[in-house]
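**Q** Before we start, here is the structure in question, set down as structure tokens.
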Amino acid sequence: MNRNLPPADAAVPPAPRATVATALAEHGRWLRTVLAARGVERHELDDLLSRVAEAALSGADRLRDPDKAAPWLYRIAVVQAMEHRRRRGRQRRLHERYAGSGLVDESAAEPDPLDWLLAEEQQALVRRALATLKSQDAEILLLKYTQDWSYRELADHLGLTAPAVEARLHRARGRLRAALARVAPALVADR
Numbered sequence: 481m482n483r484n485l486p487p488a489d490a491a492v493p494p495a496p497r498a499t500v501a502t503a504l505a506e507h508g509r510w511l512r513t514v515l516a517a518r519g520v521e522r523h524e525l526d527d528l529l530s531r532v533a534e535a536a537l538s539g540a541d542r543l544r545d546p547d548k549a550a551p552w553l554y555r556i557a558v559v560q561a562m563e564h565r566r567r568r569g570r571q572r573r574l575h576e577r578y579a580g581s582g583l584v585d586e587s588a589a590e591p592d593p594l595d596w597l598l599a600e601e602q603q604a605l606v607r608r609a610l611a612t613l614k615s616q617d618a619e620i621l622l623l624k625y626t627q628d629w630s631y632r633e634l635a636d637h638l639g640l641t642a643p644a645v646e647a648r649l650h651r652a653r654g655r656l657r658a659a660l661a662r663v664a665p666a667l668v669a670d671r
């Protein structure tokens, strides 16, 4: 019997791809929020999240510390969102050239259903105000209030310290308040 072999129950680190797959499953929900805060439309989130997963799995060997998977995935999601925006910009320019050619009937556009729903009006105003914020401000606000995370949880996921998260949230709330005052002064005046 060879005594140099480790016991069968010794802690063996999981394969990098398995670690990344587990991290993706665990952090997928808030990564969707990050992508949405970076301007990804709802109907495109699943596709872009799969691109994030593909990039993470193909680069799984670059994840040095499995405990820092959340900040690592966050960076991948931000890069994927930026690449997505560039692709959309190219597509938009192509559509604008096509629309300018006179081959498109622009009167066929349907009105947005949110305009007709009174209960959604306030949400639309907040969305509009969020859209005017820097992506980092919108992102941290959305993560805080859609995921209901503590400062510590935000810090762990974003690779920051809790005081840095607190300061960013404080500044982001102030900027959101100012943006709401520009977009909907009556909404802010009531509070």
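Adding 480 to a residue's 1-based position in the sequence shown gives its number in our numbering.
All residues carry an ideal CB built from backbone N, CA and C; glycine is no exception.
#1: Please check the pair L511 and L537, which I expect to be a contact at CB under 8 Å, by giving their CB distance rounded to whole angstroms.
#2: Assuming E646 and Y631 form a contact by the criterion Cβ under 8 Å, report the distance between their Cβ atoms to the nearest whole angstrom.
#3: From A659 to A505, what distance separates their C-alpha atoms?
#4: Looking at the structure shown, is G519 part of a helix, part of a strand, or coil, going by DSSP?
#5: Please state whether the Cβ-Cβ distance between L621 and A652 is less than 8 Å.
#6: Excluding the 5 residues flanking D675 on each side, which residues of the same chain have their C-beta closer than 8 Å to its C-beta?
#7: Is it buried or exposed, H523, if we count other Cβ atoms within 10 angstroms and call 16 or more buried?
#8: Pick helix, strand or coil for S630, following the three-state DSSP scheme.
#9: Identify whether D617 lies in helix, strand or coil by the three-state DSSP scheme.
#10: Can you grab the Cα-Cα spacing for the pair T502 / R565, in whole Å?
#11: Can A561 and L610 be called in contact, C-beta distance under 8 Å?
#12: Between the alpha carbons of A557 and R662, how many angstroms are there, rounded?
#13: Express the C-alpha separation of D545 and L574 in angstroms, rounding to a whole number.
#14: Can the beta-carbon of L649 be found closer than 8 Å to that of K624?
#15: Quick one: grab the DSSP three-state call for A688.
#16: DSSP on D636, reduced to helix/strand/coil?
**A** According to the data block:
#1: 14 Å between Cβ atoms; not a contact.
#2: That pair is a contact at about 5 Å.
#3: Cα to Cα, A659 sits roughly 35 Å from A505.
#4: Note: G519 maps to coil in three-state DSSP.
#5: Cβ atoms of L621 and A652: closer than 8 Å.
#6: Since the displayed the chain opens at 481 and closes at 671, residue 675 lies outside it and no answer follows.
#7: Flag for H523 reads exposed.
#8: Coil at S630, not helix or strand.
#9: In the displayed model, D617 falls within a helix according to three-state DSSP.
#10: Distance between the alpha carbons of T502 and R565 is about 27 Å.
#11: For the 8 Å CB-CB criterion, A561 and L610 do not form a contact.
#12: Spanning the two alpha carbons is a distance of roughly 30 Å.
#13: Computed Cα separation, rounded: 42 Å.
#14: Contact: yes.
#15: Here the chain comprises residues numbered 481 to 671, so residue 688 is not present and cannot be evaluated.
#16: Three-state result, D636: helix.
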